[in-house]
Amino acid sequence: MKDRAMVWVQKGDEGYGVATMVVTLANAMRRRGWRSVVLALGPGVLVDRPRAEGIEHRVLGRALSRGPSPRLNTLKRLLLPPAPALLRACQDALKGLPVAMVQTRWLDLVPLTGALASQWQVPAVWEMANAL
Numbered sequence: 013m014k015d016r017a018m019v020w021v022q023k024g025d026e027g028y029g030v031a032t033m034v035v036t037l038a039n040a041m042r043r044r045g046w047r048s049v050v051l052a053l054g055p056g057v058l059v060d061r062p063r064a065e066g067i068e069h070r071v072l073g074r075a076l077s078r079g080p081s082p083r084l085n086t087l088k089r090l091l092l093p094p095a096p097a098l099l100r101a102c103q104d105a106l107k108g109l110p111v112a113m114v115q116t117r118w119l120d121l122v123p124l125t126g127a128l129a130s131q132w133q134v135p136a137v138w139e140m141a142n143a144l
């Protein structure tokens, strides 16, 4: 077993370029000796593709990725901590992993990614979209 894991926190229903990017990066990191894990909040393409490629994945099976009310602007949503139940579910899903980095593609998952990374005192990475 690899001694360090890179975890991608994703919604699960991403497709097209996002799924391709995550799977490509996860495979590249595996070739470099990292354990790559996709943590999906719900089912979808970003569960099916890693599974088909032999990439480790964990699925929470919840549609909790929506977060706070969409009426809040993005900045206000980023200032709110993740829902305690969602944070606990993610922590449980990752229990026992040698987490060395946690990253996401989604701005609205940055608070969750940061909270998870702080638990292990490892870097949190936001893979910024090419357009905001």
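So in this note's numbering, the last one in the sequence shown is 144, and the numbering has no gaps at all.
From the three backbone atoms N, C-alpha and C, an ideal C-beta is built for every residue, glycine too.
- With respect to the alpha helix (DSSP H) encompassing VAL111, which residues constitute its N-terminal and C-terminal limits? No alpha helix (DSSP H) holds VAL111; the beta strand (DSSP E) holding it covers 111-116.
- Task: With ARG70 as the anchor, note down where its beta strand (DSSP E) starts and where it stops.
- Result: 68-71
- Does DSSP put MET18 in a helix, in a strand, or in coil? strand
- In whole angstroms, what is the alpha-carbon distance linking MET140 and GLY27? 16 Å
- Hey, does THR125 have any beta-carbon neighbour from chain C nearer than 8 Å? No chain C is part of this structure, which consists of one protein chain only.
- Query: What do you get for GLY66, buried or exposed, if any count of 16 or more other CB atoms within 10 angstroms of its CB means buried?
  - Reply: Exposed, because fewer than 16 other Cβ atoms sit within 10 Å of the Cβ of GLY66.
- Message: When you compare the CB positions of LEU72 and GLY54, do they come within less than 8 Å of one another, or not?
- Response: Yes, the Cβ-Cβ distance between LEU72 and GLY54 is below 8 Å.
- Helix, strand or coil: which one does DSSP assign to TRP132? helix
- Query: Using the C-alpha atoms, what's the distance from HIS69 back to MET113?
  - Reply: 15 Å
- Message: So for ALA52, helix, strand or coil by DSSP?
- Response: strand
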